[in-house]
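Presented below is the structure to which this report refers.
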Amino acid sequence: MSHHLFSSLWIALIIFSCIDNPSEAAESQTEPSSAIYAAGQTYTSPGIASDNTLVQTASGVLSSMKSQAELGNEPSTPSIESLLPTVRFAMADGKLNGSIAPQSSSLAYRGERQYFLADVGLGYYKPSWGDGRLRGKVGMAGLLGSHAAAGVTASLDDYLLDVVVNTIWQTPLDGLRIRASFGYLWGEKEFAFLSGPAMQDLDQYSWVIGGDWIMPDDAADIGLHALGITIWGAQADEDSHDDPVFFMKESAAAYTIYRDPLELSEGRLFGVAVNAQVALHSNLVTKGSVGYESLEFPFADGTKEQHRSLYSDLSLVWEPIDDLVIDAEWKKGSSEERFSLGAGIGPVRVSSWYSAGENGLDDDKGIMLTCTLGLGGGTQRTALSARMRPKRTEGGGAMLQQAMERPQQMPTTFLAKVDETAVTTEAVIEKAGLDNSAEVDRQGDIHIVIGTGTPIIESVQRNGSPFTYTGIIETTATGIVIRTKQLPQGLADYLIKVNSNGAYTVKMTTN
């Protein structure tokens, strides 16, 4: 039924065009390329069919039926779909071709340039602070004309989401290529606080901006390809706002109670480097950068920790045989020392990495299997140095591939560490006069075991004056409990006298 409806609309469109545009229909008859052939033939003209053409088509069909009858065969009525023409079209200078017909349609690209790339991957990620997890990856990039490209990649596992957006633009004549990348990292990570390990939510923003000067197109494929400069930065942001946790440390003379607000120092990264790409051989290309990187951690007490170091990274890409590409990379800066190794055959690639955290940051490692698919591109085989070399006249595959890559300068882990200066001393309880132990729970309640009988609080003094302690200091079956969150703020000395089959005095100082 759908075929008949489509056919009816097709015939109505052609007839309406003839009636509505009689002048154009007449012109189409005079053009040699304008013709609607018998059933199953192709309509190749941009002109519009005339009434005479429709009559000729119908006459041809009736003649065919008459011939079948003269031969003694039962004439068969042709389907309406078989009478309709096939319309062919061409776009993008003949590189994108297609056809539309009632019964089938097609679309094909025949070009030498790739216009679009997409990849999907599955891997394994293992941080030093937690268990290993599966990690998925998706990405895509496309050319925006001859001199611009954009791409986005995203990686996801149980710990974090990592999204990177790349944009590239180059001037048509002088070979200047501008790169801008923006990254967003969101997830959770375990930190070793003084009160104990705890998971914290974070996000992190990063950016990379660079410019490259590309060698002229008539230069040799072997040798210098491009020179440039890159600047980058990143900053972590803590999203968790957990309640403080209290913990105790015991010495020979006292029990010291601490308040841990579970605060992190949010790292700030900045770097600048010069970079180059050089083809050492037709099947061996190297890329490298050298510069400066600074990592800063501000703390709650107003101090900060700053690390400045030489930044360097070096990568080698080698194609020992056709379709097999091997790459290795090393990077060292203020935030990490990173090693990676990968190999690819055709559209399939496997890559692995190990990152050793610097200046208090954690290590991680992983492996990823990726499959890349592209739209466009010729079948002619070229050397690795020619494929990786950027061109001035047009973006080509090198620009498209660059739009799919995660910038090496962009950190892959959170730039955050525990801020120990945010931990404060809440109380110090002297051991003198106490026979048994004391402990504090995570809510800050101090439990002190006193004597052997049922304890009775006889008096409480604060800085030498009587203190109303109802709801703040209470008795338990084995001693007393002091609720530190409800104590008045400020430095004070407390003297608590308790009777529990004997007289006991608890001396406590708060900050």
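Following the working numbering, the numbering of the sequence shown begins with 263 at its first residue and continues without gaps. No residue lacks a Cβ here, since even glycine has one placed at the ideal position from N, Cα and C.
Where A694 is concerned, there is no enclosing beta strand (DSSP E), because DSSP gives it neither an H nor an E. In this structure, I484 and A541 form a Cβ contact; the two beta carbons are roughly 5 Å apart against a cut-off of 8 Å.
In the pairwise beta carbon analysis, the segment 501–513 is classified as not touching the segment 539–558: fewer than three pairs are separated by under 8 Å.
With a cut-off of 8 Å on Cβ pairs, the segment 711–726 is not in contact with the segment 669–689, counting fewer than three such pairs.
Taking the C-beta atoms as reference points, E555 is found no nearer than 7 Å to E528.
Straight-line measurement puts the Cα of E688 at about 20 Å from the Cα of G726. Distance check between A754 and each of Q748, Y421, R724 and R530 places R724 closest, using alpha-carbon atoms only. The residue among T746, A700, I744 and P673 with its C-alpha nearest the C-alpha of R530 is P673. Scanning the segment 741–773 from its first residue to its last, no whole alpha helix (DSSP H) run of 4-plus residues comes out.
For the pair G695 and T767, the CB atoms are nearer than the 7 Å cut-off. The beta carbons of M666 and G413 sit closer together than 7 Å. In this structure, I629 lies near S614, with their beta-carbon atoms less than 7 Å apart. The continuous alpha helix (DSSP H) containing S647 extends over residues L646 to M650.
In this structure, Q670 keeps its C-beta atom at 7 Å or more from the C-beta atom of D589.
Here L677 really is in contact with L557; their C-beta atoms are around 7 Å apart, less than 8 Å. Note that the C-beta distance between K627 and K388 is below 7 Å.
Taking a 10 Å sphere around the C-beta of P434, we find fewer than 16 other C-beta atoms and assign the residue as exposed. Residue environment analysis places N428 among the buried positions, since at least 16 neighbouring C-beta atoms fall within 10 angstroms of its C-beta. With a contact defined as Cβ atoms closer than 8 Å, T492 and A535 qualify at about 5 Å.
Apart from the 5 residues on each side of it in sequence, R745 sits with its Cβ closer than 6 Å to the Cβ of D707 and I734 in its chain, given in chain order. Annotation for D522: the continuous beta strand (DSSP E) segment containing it runs A516 to D522.
If you look at R600, you'll find it in the beta strand (DSSP E) that goes E598 to I607.
Per DSSP, the unbroken beta strand (DSSP E) holding L464 starts and ends at G458 to I476.
Between the beta-carbon of C633 and that of V426 there is about 19 Å, and that puts the pair past the 8 Å contact cut. Under the criterion of beta carbons closer than 8 Å, A411 and G401 do not qualify as touching, at roughly 13 Å. Separation of S502 and S596 (C-alpha to C-alpha, rounded to the nearest whole angstrom) is 26 Å.
Counting C-beta atoms within 10 angstroms of its own C-beta, S699 has fewer than 16 neighbours from the protein chains shown and is therefore classed as exposed. Taking the Cα positions, D393 is about 11 Å away from Y386.
Assigned with DSSP and collapsed to three states, A488 falls in strand. Excluding sequence positions up to five before and after G495, its CB lies within less than 8 Å of the CB of S468, W469, R530, L531, F532 and G533, all in the same chain and listed in chain order. Between the C-alpha atoms of L438 and G553 there is a straight-line separation of about 21 Å. Between the alpha carbons of Y756 and A515 lies a gap of roughly 17 Å. For A442, the uninterrupted beta strand (DSSP E) run begins and ends at L438 to F455, by DSSP. Excluding sequence positions up to five before and after T655, its CB lies within less than 7 Å of the CB of D479, all in the same chain and listed in chain order. In the structure shown, A739 falls within a coil segment according to DSSP collapsed to helix, strand and coil.
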